[in-house]
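Residue numbers (my numbering), protein chains in the order written: chain A, 1 to 283; chain B, 1001 to 1152; chain C, 2001 to 2635. We put the CB at the ideal spot given by N, CA and C, even for glycine.
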Amino acid sequence: MSNTIIAIIIGFLVAPLVGGLISGLDRIITARLQGRIGPPVWQAFYDVIKLMSKESMVVNVWQAFCAYAYVSAAAIAVVLFFLKSDLLLILFIQAVGAVFLVVGALSSTSPYSQVGAHRELLQILAYEPLIILVIAGIYLETGSFKISAIYDWNQPLIFKLPFLFVALGYALTIKLRKSPFDLSTSHHGHQELVKGVLTDYSGPYLALIEIGHWYDVVLLLGFCSLFWATGAVGMLALLALTYFAEILIDNVTARMTWRWMLGYVWAMGFTLCSVNLIWVILG
Amino acid sequence: MKKMLGKIIASTRMKSPWILHFDCGSCNGCDIEVLACLTPVYDIERFGMVNVGNPMHADILLVTGTVNHRNKKVLTNLYDQMPAPKVVIAIGACGLSGGIFRDAYNVVGGVDRVIPVDVYVPGCPAKPEAIIDGAVLALKKFEVLRQQKLAV
Amino acid sequence: MAEIIFLLIVVPFIAALGCLLFRIQFIRASIIIICAGLLMGGSLFLIPMIPFAYSPGSFFGVNIHEILQGADFLLLLIIFYFGIKHKNLVIQALSIFQAVMLGYLEFFLSDGGGHDVVFYCDHLSLILVLIICIIGSIICLQAIPYMKNHEAHLKIAVSRQPGFFFVMLLFLGGMNGVVLANDMKFLYFFFEVTTLCSFLLIGHDKTERATRNAVRALWMNSIGGAAFVSGLVYLYVKLGMLDMQNIIHTTPQAGIIVLPMALLCFASFTKSAQFPFQSWLLGAMVAPTPVSALLHSSTMVKVGVYLVLRIAPAIQGMFLSQCITVFGAFTFLAGAALAVGQSNGKKVLAYSTISNLGLIFACAGVNTSEAITAAIILIIFHAVSKALLFLCVGTIEQHIESRNIEDMRGLYTRMPLTALITVMGVITMIMPPFGLLLGKWMAMEAAARSFFGIIMIAMGSALTVMYWARWAGILMSDPFAGKFKLERQPVLTWFALISLSLGAASLSVVSPWIYKLGIIPAMGKDYLSSYALDFGILENSFGVFAVLPLSLVAVFGFLIAVLAVKGATRSRIVMPYLSGVQTSEPRVFRGPMNQNVIAEAGNYYLSSIFGETRLTAWINIGAVILLTLVIGGAL
Ligand code: SF4
């Protein structure tokens, strides 16, 4: 019981802090890669607290609903992850958040929001099947969808599921809003769609979405951590390497179109997944 | 408790000013200087400043160039769409008074003819250092606004 | 028992006749309301009685098997008549073929029948009876105001409602017959009754398009009927009986049973409008919306999956079963892909129905305890949510005179409650902790071992999210400050919409107990129950879904979000961002020469990828290949 409570607290409170810190580090590393110094590590928290304190302003009151729904779904997904629940269930709950984000953006009539929302949907379309297949692959290897059982598996999954890890990398890039897949909105100042799906969220609601994004970051890194669950050092090294690779990709690629994204991610992703799944099924 | 919260908010506001840059009719000289602030040489992100494209996310409205009859409505629209607290910086001789264009038939004049301006950054064009300096001054304005709100 | 069977099957027939004879609106409405009440009550009375078997010897003194024979041939005659009337050779040929096969079965093979148990009701039948009687009745009630509006709108002088409700109620009786019958000859009869009802209702508006689509539905379903009756003859020749329970549970050699089972599956695929037979269901969307809700989403198309679920224990472990998995998963994916390309609301619903039925077939094909559970859960919750959504679209359509999703932009400001209920319906379709997602979760976990199955289900699932989310989104798409006036609707419409939406939500919360009390017994001895249930958490050896805790969290989150909305009504309402050139009209900006320009932003329908014209041919080819695999594998 106490374990459960600790897990809930970690998932609920510590995870977003870690997520915020990661995004601060992300910005510093990005700046260094560009020959700049970059903001302080805590910048993400400054931003969110500032946004919280701003005037509450909406286009449509349902945006408030959607922002809260997004952050709650993201938080619940992370809490369930720390409770070592069912992977597929966690993915679905995470998807609830993603859908509410889109619905909130669609509730504004601004073309920037609308187009951004549709691009976000296309991104979901691109990454969700890949994550489902990754989870299926993990199940085929370990015989369980439960994280508790997967963490108990006696060897790192990455040796058996390397291609699935790469496929997860695609999903990660999309989900972290990194180039070349930062179509719907990006972390950089502005883009051709202004701020895409986030255009008409402002002030406190934007802050909530940012917090929701921190939860998402933690959740996705959690997914990655399943691939090296036998030791803390290995796991951290894998996560650090993966995240650094994401930043590097972000900095060396340009934003592409959704057509390219869908075609490329599905073609590459499904090929990788299929090869690895067949390998596991036959092996 | 409330005081502490106020302090935290005040300090985060100083550390995370997001800027909306609006080219109101500039000759592009000032714009280039504004963008220069983003480059590695000046790197305003050090101060947490981000150049956002959307008034709804912005704290500081940075206006370059003169206001004319065509775009004054745009300027007020953008200003209205910013959530409070917000400050406005007018950049360059044009932004201040209309500059060399002030006698043109279509020109209204400086930015402060249309919306309240908090900081004036002179120059033709204004230097990046001056712009950054102006932005830092604008940050002080946030504290002033907060005190005013507390006093009410 | 006799009374309850009488109540469920014959009373609707009598009420139907009543509707036909009394041509006064008030009396007709009373008959429908009374009949609906009787059916709902009757279905609830059934709960303590199951399982039971019942074989009536005679009906008002006439041997029931003789009645059946007479009715069977009469039905085929009627279908043949329509074949002639609409000059459709396929229908003529198929009805003659069926009559010949049936005659051969009745007069040459069998000795007048009477050895097999006629009606058998277990938990699976019960679940379907409950769906038919409760949801069906609600839809019929909603149809009363709907049809009144419908005829007023079409300016029809002589009301055709008596005929309409005659068929609707007849259909309810027929549906109950299908799920209660155990003697396959009876099953076949009721199966054909639903086909005929569907034909009549699709053609109800008597426009040229309606007639054409109705004829198409009839000939496609006749193929299914022909496959069905062929399966029966084959079974009888080999086994000498047509008792469903007996056939399934005595499981003779697989070699004998596989071909008739494949034929029955084929019949199911036509009935459930699986590819390549989807076009009849799409055409059926011309019918008045209650028809689509009743026949073409929540009940009649479920006959197909019901049949396959019935015979699933007998085909466990067969190649046929695996083929059904792949075929179902393919339909799930293809249906979802086509739904993405649609902007017509009813067509989206139709494709989504096909797609979900495909998923249910896939589950039946996987044929493990988890998969069958998933299938039954999907049947229940799909019936509720889809009926709700159809009724919503019908209501919206009568108001805005369009069923195009694009025209529903910002519907919230015009029809707040209806729009909210529609969004609610969409949410129950795609989000946890609601029942459909529970079913989908089970389906994925069960199908994870099927390589092709899981890949197609994964893709289909993402496409499903796409077409639902954008629909829910644009219903809300308008600047909005939180004050609205409720729209006016007839009481029965509100009753139907509200009861179905509350039903969808509350049934989801109790789904673990539905599983325990309904689905475990429905799977009976054929499958070991898989999920353990405590504190409302379903858990088995490899997965866990905390239904009740998640529902509580969801309710809590919902309340917070509602409070947030209340809070937001106090905030400043601004116009959406339009590069600073916005005007006081939400979509309008000030363009060149100070002219107002409307900023258009349409949904992505990706018609270059998911367009109907582009995809349908390929999908049909794929489906035919898979179907050949299903049948060919059986030979
Ligand atoms: S101040 Fe000078 S550089 Fe700046 S916009 Fe005006 S003319 Fe151009």
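Only those residues of the region 2555 to 2587 of chain C whose C-beta falls short of 7 Å from the nearest C-beta of chain B are listed: V2574, Y2577, G2580, V2581 and Q2582.
Assigned with DSSP and collapsed to three states, T2428(C) falls in helix.
Neighbours of M1049(B) in chain C, taken as residues whose beta carbon is under 8 Å from its own, are absent, since the nearest beta carbon is some 21 Å off. Of the candidates L25(A), V71(A), A77(A) and V41(A), A77(A) places its Cα closest to the Cα of I8(A). Secondary structure note for L2559(C): its alpha helix (DSSP H) is the uninterrupted segment V2547 to A2568. The DSSP assignment places complete alpha helix (DSSP H) segments of no fewer than 4 residues inside the region 2130 to 2155 of chain C at 2136 to 2154, in order along the chain. Within chain C, the C-beta atoms nearer than 7 Å to that of T199(A) come from Y2577, in chain order. If you keep only unbroken beta strand (DSSP E) runs of at least 3 residues inside the region 2565 to 2603 of chain C, you get 2588 to 2590 and 2596 to 2598.
Counting only heavy atoms of ligand 1, the residues whose C-beta sits closer than 5 Å to one of them are, along the chain, S1026(B), C1027(B), G1029(B), C1030(B), G1065(B), G1092(B), A1093(B), C1094(B), G1099(B), C1124(B) and P1125(B). The Cβ of K195(A) sits closer than 7 Å to at least one Cβ of chain B. For the region 1053 to 1064 of chain B, the set of residues with a beta-carbon nearer than 7 Å to any beta-carbon of chain A comprises G1053, N1054, M1056 and H1057, in chain order. Distance check between K1086(B) and each of L1062(B), V1074(B) and K1072(B) places L1062(B) closest, using alpha-carbon atoms only. Residue nearest to L2201(C) within the set G2061(C), S2272(C), V2291(C) and S2321(C) is V2291(C) (criterion: CA-CA distance). Judged by DSSP secondary structure, I1019(B) falls within the beta strand (DSSP E) whose first and last residues are W1018 to D1023.
The distance from the Cβ of L262(A) to that of L168(A) is about 18 Å, inconsistent with a contact at the 8 Å cut-off. Chain A places no beta carbon closer than 7 Å to that of S2607(C), leaving this residue out of the contacts. Annotation for T199(A): no beta strand (DSSP E) segment contains it, and DSSP assigns it neither H nor E. For T2195(C), the three-state secondary structure derived from DSSP is helix.
Annotation: R2212(C) to T2613(C) spans about 19 Å, alpha carbon to alpha carbon. Following the DSSP letters along the chain, one finds C273(A) in no beta strand (DSSP E) but inside the alpha helix (DSSP H) bounded by residues W258 to L282.
In terms of beta-carbon proximity, I1009(B) lines the interface with chain A, with at least one pair separated by less than 7 Å. Listed along chain B are D1043 and E1045, each with a C-beta nearer than 8 Å to that of A31(A). Scanning chain B for C-beta atoms nearer than 7 Å to the C-beta of Y46(A) yields T1012, K1015, S1016 and G1048, reported in chain order.
In the structure shown, N3(A) adopts helical secondary structure according to DSSP, grouped into three states. In the structure shown, the three-state DSSP call for V2118(C) is coil.
Contact with chain A is absent for V2426(C), since none of that chain's Cβ atoms lies less than 7 Å from the residue's Cβ. For K50(A), the residues of chain B that pass the 8 Å Cβ criterion are I1009, T1012, R1013, K1015, S1016 and D1059, in the order they occur in the chain. Within 8 Å of the CB of P1083(B), the CB atoms of chain A belong to K54, E55, S56, M57, S202 and G203, in sequence order along the chain.
A distance below 8 Å between beta-carbons, with the five flanking residues on each side excluded, links A2623(C) to the following residues of its chain, in chain order: Q2274, F2275, P2276, F2327, F2330, T2331 and A2334. L2307(C) is the residue among L2307(C), I2096(C), A2561(C) and S2608(C) whose C-alpha sits nearest the C-alpha of G2365(C). Annotated as proximal: H2123(C) and G2518(C), with beta-carbon spacing under 7 Å.
With respect to G137(A), V265(A) sits apart: the two C-beta atoms are not nearer than 7 Å.
Contact between L2232(C) and K2185(C) holds, with the beta-carbon distance rounding to 7 Å and staying under 8 Å. Taken through DSSP and simplified to helix, strand or coil, Y127(A) comes out as helix.
Using a Cβ-Cβ cut-off of 8 Å, A7(A) is close to nothing in chain C; its nearest Cβ partner there is about 14 Å away. Shown here, F2535(C) sits in coil according to DSSP, grouped into three states, outside any helix or strand.
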